[in-house]
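Below is one structure, written out as structure tokens; comments come after it.
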Amino acid sequence: MNVVKIIIIITLSLGLLNKSFAADFAPSTQAAQVKFTEESTLTINSGVTLGTEATQNRAHINAQSDSSVTVKSGGTILSLNNAVQGADATRLTVTNSGTIKAAGSKAINLKDNIDSTITNNSGGIIRSGTGDAISGEQDSGDVTSGNTITNSGTIFSDDQRAINFFSDASTTTVTNNSSGHIYNSNTNETIKLDTSSTLTNSGKIENKNSSDNNSVLLVGDNNTVTLKDSGLVIGTIATSSGTSGNKLKIQHGVGQSYYYKTSGDFDLEDLDGNQIVKGSAGSVGQGASETIDELLSYKSMNLRNFVRRYKNSDSDNKKEGWGEGFASYLNRDGNNQNLALEYDLYNLGANLIYPLEKSNFLISFDTGLQNFTRDHKIIYQNITGGVYNSNNPNFFNLETLLLSGVTLKNSKRTILTNTTSSGRLDTEGNYITYEVYSDFKKNNSILPDIGITGNFSVTPTYDEDHYFSWRNKKVGNLIFYLSDIYKIKDSELEDLSINWGLDFRNLIGDRNQIYSINGTTATYKQDSDLTRELTLRAGMNFKKEFMKNGILSYSLDTINTSQGTKSISGNINFQINF
Numbered sequence: 060m061n062v063v064k065i066i067i068i069i070t071l072s073l074g075l076l077n078k079s080f081a082a083d084f085a086p087s088t089q090a091a092q093v094k095f096t097e098e099s100t101l102t103i104n105s106g107v108t109l110g111t112e113a114t115q116n117r118a119h120i121n122a123q124s125d126s127s128v129t130v131k132s133g134g135t136i137l138s139l140n141n142a143v144q145g146a147d148a149t150r151l152t153v154t155n156s157g158t159i160k161a162a163g164s165k166a167i168n169l170k171d172n173i174d175s176t177i178t179n180n181s182g183g184i185i186r187s188g189t190g191d192a193i194s195g196e197q198d199s200g201d202v203t204s205g206n207t208i209t210n211s212g213t214i215f216s217d218d219q220r221a222i223n224f225f226s227d228a229s230t231t232t233v234t235n236n237s238s239g240h241i242y243n244s245n246t247n248e249t250i251k252l253d254t255s256s257t258l259t260n261s262g263k264i265e266n267k268n269s270s271d272n273n274s275v276l277l278v279g280d281n282n283t284v285t286l287k288d289s290g291l292v293i294g295t296i297a298t299s300s301g302t303s304g305n306k307l308k309i310q311h312g313v314g315q316s317y318y319y320k321t322s323g324d325f326d327l328e329d330l331d332g333n334q335i336v337k338g339s340a341g342s343v344g345q346g347a348s349e350t351i352d353e354l355l356s357y358k359s360m361n362l363r364n365f366v367r368r369y370k371n372s373d374s375d376n377k378k379e380g381w382g383e384g385f386a387s388y389l390n391r392d393g394n395n396q397n398l399a400l401e402y403d404l405y406n407l408g409a410n411l412i413y414p415l416e417k418s419n420f421l422i423s424f425d426t427g428l429q430n431f432t433r434d435h436k437i438i439y440q441n442i443t444g445g446v447y448n449s450n451n452p453n454f455f456n457l458e459t460l461l462l463s464g465v466t467l468k469n470s471k472r473t474i475l476t477n478t479t480s481s482g483r484l485d486t487e488g489n490y491i492t493y494e495v496y497s498d499f500k501k502n503n504s505i506l507p508d509i510g511i512t513g514n515f516s517v518t519p520t521y522d523e524d525h526y527f528s529w530r531n532k533k534v535g536n537l538i539f540y541l542s543d544i545y546k547i548k549d550s551e552l553e554d555l556s557i558n559w560g561l562d563f564r565n566l567i568g569d570r571n572q573i574y575s576i577n578g579t580t581a582t583y584k585q586d587s588d589l590t591r592e593l594t595l596r597a598g599m600n601f602k603k604e605f606m607k608n609g610i611l612s613y614s615l616d617t618i619n620t621s622q623g624t625k626s627i628s629g630n631i632n633f634q635i636n637f
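Converting from the sequence shown to this note's numbering requires adding 59 to each position, the first position being numbered 1.
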């Protein structure tokens with residue numbers, strides 16, 4: 060039979076039933092039914108409504124091959140049941156930018172359908188009232204397989220399932236794009252798939268009745284559900300008893316925290332390499348744990364630089380105190396290979412020093428925000444205090460710095476989860492970190508100064524208020540460094556200098572972090588690439604006397620590290636009589 064394409068005109072006469080026409084629809088034209096008798100094309104233009112909710116089988120395409128239905132924006136197909144009736148069809152194509160609605164069951168019926176394609180564009184609506192919106196049953200002795208649904212609009216059912224492929228319907232592919240919304244408002248699952256099928260979600264899949272009901276149910280074997288990007292799922296993801304080979308894959312990005320309630324047996328995989336924990340499916344960004352050693356080294360560097368500026372201020376005497384206010388910004392790049400998380404660090408603080416009889420008392424205050432890219436931030440306040448000695452006889456006349464501190468931290472993260480009506484959950488935790496710092500430096504007149512820094516921190520066990528718990532963490536660094544300073548201008552009233560430093564850091568503490576998600580314990584092991592760091596620092600300092608016994612100086616420091624970290628910090632230093 061020759062291929063004939065029929066473009067149908069609908070007239071006001073209801074007597075034109077079960078016939079095909081080779082013309083365009085006219086606006087505001089309506090017919091009881093359009094029945095395909097061979098390969099055909101039906102186009103519903105804007106302003107055109109085909110059918111009513113009182114009659115059924117509007118676009119009747121049963122047992123046809125290679126036919127297509129296109130509903131343009133503003134066009135509508137209405138029916139009691141089976142608005143698009145495609146039973147026993149092969150390679151049916153339905154493209155919807157308007158509305159396809161059944162007041163009862165099956166806006167689109169794909170019973171015993173093979174290799175058909177349903178595309179619901181942005182703004183398109185596919186809807187049913189008392190039955191499934193898109194149904195793909197495999198009847199006895201027939202085949203339903205290879206069908207594809209791509210959604211960028213809205214697909215929903217008031218009383219049943221939005222998408223239902225059952226009775227051994229196989230190899231169905233459902234893709235819900237970022238603008239797509241698939242939902243139902245009842246106790247049935249939103250999407251039901253049978254065997255060897257694939258569901259990929261970047262949009263929103265929702266059981267509006269309750270997040271305790273199923274959003275997705277897999278009733279056959281060897282299905283794959285992939286949750287991507289910032290897509291939301293509301294409702295349990297489940298498999299039927301006795302099924303096997305079903306997979307749940309997550310691809311929300313490195314460091315994104317999530318918790319999905321599941322029922323039945325799933326093979327779990329995080330496609331970004333995040334550690335996924337079974338017992339449902341959960342993962343938590345490890346930034347709070349993984350970056351402790353780095354932040355310790357940056358804090359040590361800040362204190363060393365402060366001491367250097369103090370020592371070169373010509374104020375090391377027993378009558379004068381010296382201090383500085385500082386602000387800094389730091390950015391670290393993410394790395395998908397070793398799971399380094401990108402973050403920005405904003406920091407404000409003050410360092411103060413006061414000469415004692417044989418040494419100097421130093422105290423530092425700072426507050427900051429560590430903002431990770433995957434909906435996680437840590438707000439902190441730190442106080443650190445100790446002694447500085449420019450020539451310590453107890454340590455081979457080396458320049459020494461011995462300090463201890465405590466940091467109060469408030470962790471806030473937004474996770475993706477199917478257990479809330481929004482698909483997201485804000486979780487929070489408060490905890491404390493205790494730190495010690497030591498530094499020993501040999502000052503040289505010609506060669507660069509040589510030093511060694513050791514620092515160590517302990518973070519006791521703590522819980523976040525939903526799902527995540529953390530075991531105590533001990534971590535430290537050993538840092539060898541070279542540094543030097545060069546005077547560009549030196550006078551009684553003002554001077555200008557530049558300086559540089561090179562740090563070699565190596566982790567000496569525990570690389571492992573024991574944690575749990577909803578009571579299931581796991582261990583995260585920090586990648587060895589993240590335990591070593593080379594840091595190059597460069598800076599300049601300008602000092603000017605502004606009053607008798609009063610000096611102001613300004614400094615700017617930058618760093619660049621092998622971990623992809625870049626930082627800039629500015630300091631205002633002041634010298635006054637305490």
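Positions of the beta carbon are idealized from the N, C-alpha and C atoms, including for glycine.
Values in this document were obtained by computation on a predicted structure and should not be read as measured data.
By DSSP, does residue 363 sit in helix, in strand, or in coil?
-> The count along the sequence shown starts at 1 and reaches residue 363 at position 304. Taken through DSSP and simplified to helix, strand or coil, residue 363 comes out as helix.
Going by alpha carbons, who is nearest to residue 578 out of 567, 287, 248 and 339?
-> One-based indexing of the sequence shown puts residue 578 at position 519. Looking only at 567, 287, 248 and 339, the smallest Cα-Cα distance to residue 578 is reached by 339.
At which residues does the beta strand (DSSP E) containing residue 445 begin and terminate?
-> On the sequence shown, position 386 is the one that residue 445 refers to. Residue 445: member of the beta strand (DSSP E) spanning 435-451, first to last residue.
Residues of its chain near residue 281, where Cβ-Cβ distance is below 6 Å and the 5 sequence neighbours each way are ignored | Here residue 281 refers to the residue found at position 222 of the sequence shown. Excluding positions up to five away in sequence, the list reads 255 and 304.
Answer with buried or exposed for residue 392, where buried requires no fewer than 16 other C-beta atoms within 10 angstroms of its C-beta.
-> As a first step, residue 392 must be located in the sequence shown, where it is residue number 333. The residue is exposed, with fewer than 16 neighbouring Cβ atoms inside 10 Å.
Closest by CA to residue 332, which one among 345, 321 and 508?
-> Here the question's residue 332 lines up with position 273 in the sequence shown. Of the listed residues, the one whose Cα sits closest to residue 332 is 345.
Assuming residue 263 contacts residue 482 (C-beta within less than 8 Å), just tell me the rounded distance between them.
-> Within the sequence shown, the letter at position 204 stands for residue 263. Within the sequence shown, the letter at position 423 stands for residue 482. Between residue 482 and residue 263 the Cβ distance is about 7 Å, and since that is below 8 Å, they are a contact.
Which word fits residue 536, buried or exposed, when buried means at least 16 other C-beta atoms lie within 10 angstroms of its C-beta?
-> Position 477 of the sequence shown holds residue 536. Buried is the call here.
Are there three or more Cβ pairs, one per stretch, closer than 8 Å when the stretch 155-167 is compared with the stretch 113-132?
-> Because the criterion of three Cβ pairs below 8 Å is met, the stretch 155-167 and the stretch 113-132 touch.
Which one of 140, 321 and 205 has the shortest CA to CA distance from residue 185?
-> Position 126 of the sequence shown, counted from the start, is the residue given in the question as residue 185. Ranking the options by Cα distance to residue 185, first place goes to 140.
Looking at the structure shown, is residue 75 part of a helix, part of a strand, or coil, going by DSSP?
-> One-based indexing of the sequence shown puts residue 75 at position 16. Because residue 75 carries a pLDDT of 34, less than 50, the predicted location of this residue cannot be relied on, and the following value inherits that uncertainty. Coil.
Distance between residue 424 and residue 525 (C-alpha atoms, nearest Å) | Your numbering for residue 525 matches position 466 in the sequence shown. Your numbering for residue 424 matches position 365 in the sequence shown. One Cα belongs to residue 525, the other to residue 424, and the distance between them is close to 31 Å.
Should the stretch 424-438 be regarded as contacting the stretch 446-455, the criterion being three or more beta carbon pairs within less than 8 Å?
-> Contact fails: fewer than three Cβ-Cβ distances are below 8 Å.
Just reading off the beta strand (DSSP E) that residue 409 is part of, what are its end residues?
-> Locating residue 409 in the sequence shown gives position 350, where the first residue counts as 1. It spans 402-414 - the beta strand (DSSP E) in which residue 409 sits, taken as one unbroken run.
Nearest candidate by alpha-carbon position, reference residue 530, set 575, 561 and 506 | For the purposes of this step, residue 530 is taken as residue 471 along the sequence shown, with counting starting at 1. Looking at 575, 561 and 506, the one whose alpha-carbon comes closest to that of residue 530 is 575.
Of all the options 592, 602, 631 and 629, which has the alpha carbon lying nearest to the alpha carbon of residue 623?
-> Counted from its first residue, the sequence shown places residue 623 at position 564. The candidate whose alpha carbon is nearest that of residue 623 is 592.
Residue 124 versus residue 342 - alpha carbon distance = Position 65 of the sequence shown, counting from 1, holds the residue named residue 124. Position 283 of the sequence shown, counting from 1, holds the residue named residue 342. One Cα belongs to residue 124, the other to residue 342, and the distance between them is close to 46 Å.
Have a look at 105, 111, 137 and 628 and flag the residue whose alpha-carbon is nearest the alpha-carbon of residue 390.
-> As a first step, residue 390 is located in the sequence shown; it is residue number 331 there, counting from the start. The residue with the shortest Cα to Cα distance from residue 390 is 628.
What do you get for residue 414, buried or exposed, if any count of 16 or more other CB atoms within 10 angstroms of its CB means buried?
-> By 1-based counting over the sequence shown, the position of residue 414 is 355. Under this definition residue 414 is a buried residue.
Burial state of residue 348, where buried means 16 or more other Cβ atoms lie within 10 Å | If you number the sequence shown from 1, residue 348 lands on position 289. A residue is called buried when at least 16 other Cβ atoms come within 10 angstroms of its Cβ; residue 348 meets this threshold and is buried.
Exposed unless 16 or more other CB atoms sit within 10 angstroms - verdict on residue 595 = What you label residue 595 is simply residue 536 of the sequence shown in a count that begins at 1. Exposed, since its Cβ has fewer than 16 Cβ neighbours within 10 Å.
Among 278, 398 and 210, the one whose alpha carbon lies nearest that of residue 230 | As a working mapping, residue 230 is identified with position 171 in the sequence shown. Nearest C-alpha to residue 230 among 278, 398 and 210: 278.
Assigned secondary structure, residue 370 (DSSP; H/G/I helix, E/B strand, else coil) | Mapped onto the sequence shown, residue 370 falls at position 311. Assigned with DSSP and collapsed to three states, residue 370 falls in helix.
C-beta atoms of residue 179 and residue 145 nearer than 8 Å = On the sequence shown, residue 179 is found 120 positions in, with the first residue counted as 1. On the sequence shown, residue 145 is found 86 positions in, with the first residue counted as 1. No, the pair does not count as a contact, with Cβ atoms beyond the cut-off.
Could you name the residues of the same chain whose beta carbon sits closer than 6 Å to that of residue 505, not counting the 5 residues immediately before and after it, in chain order?
-> For the purposes of this step, residue 505 is identified with residue 446 of the sequence shown, where counting begins at 1. Residues of the same chain with their beta carbon placed closer than 6 Å to that of residue 505 are lacking, with the five preceding and five following residues left out of the count.
Going by CA-CA distance only, name the one from 412, 109 and 98 that's closest to residue 369.
-> Along the sequence shown, read from residue 1 onward, the residue named residue 369 stands at position 310. Taking only the C-alpha atoms, the option nearest residue 369 is 412.
Select from 238, 128 and 164 the residue whose C-alpha is nearest the C-alpha of residue 113.
-> As a working mapping, residue 113 is identified with position 54 in the sequence shown. Comparing C-alpha distances from residue 113 to each of 238, 128 and 164 shows the shortest one belongs to 164.
For the candidate residues 354, 395 and 292, whose alpha-carbon lies nearest to that of residue 566?
-> The count along the sequence shown starts at 1 and reaches residue 566 at position 507. Taking each of 354, 395 and 292 in turn and checking the Cα distance to residue 566, the smallest one comes out for 354.
Alpha carbon to alpha carbon, how far is residue 408 from residue 532? Give it in angstroms, no decimals.
-> Position 473 of the sequence shown holds residue 532. Position 349 of the sequence shown holds residue 408. Rounded to whole angstroms, residue 532 to residue 408 spans 26 Å at the Cα level.
Per DSSP, residue 292 forms a beta bridge with which residues?
-> For the purposes of this step, residue 292 is identified with residue 233 of the sequence shown, where counting begins at 1. Looking at the DSSP output, residue 292 bridges to 264.
At what residue ranges does the stretch 559-637 contain a whole run of the beta strand (DSSP E), taking only runs of 3 or more?
-> Taking 3 residues as the shortest admissible run, the stretch 559-637 contains the following complete beta strand (DSSP E) segments, listed from N- to C-terminal end: 571-576, 579-584, 591-606, 609-620 and 624-636.
Local Cβ density within 10 Å of residue 621, reported as buried at 16 or more and exposed below that | Counted from its first residue, the sequence shown places residue 621 at position 562. By the neighbour-count definition (other C-beta atoms within 10 Å, threshold 16), residue 621 is an exposed residue.
Residue 252 versus residue 401: straight-line alpha-carbon distance, rounded | Numbered from its first residue, the sequence shown carries residue 252 at position 193. Numbered from its first residue, the sequence shown carries residue 401 at position 342. Approximately 37 Å, taken between the alpha carbons.
Excluding sequence positions up to five away, which residues of its chain have a Cβ less than 6 Å from the Cβ of residue 562?
-> Within the sequence shown, residue 562 is the residue found at index 503, counting from 1. Correct list, in chain order: 538, 540 and 594.
Please determine if the stretch 260-274 and the stretch 437-453 are in contact, where contact requires at least 3 C-beta pairs separated by less than 8 Å.
-> Taking 8 Å as the limit for Cβ pairs, the verdict is that the stretch 437-453 does not touch the stretch 260-274.
From residue 166 to residue 110, what distance separates their C-alpha atoms?
-> For this step, residue 166 is matched to residue 107 along the sequence shown. For this step, residue 110 is matched to residue 51 along the sequence shown. Going from the Cα of residue 166 to the Cα of residue 110 covers about 12 Å.
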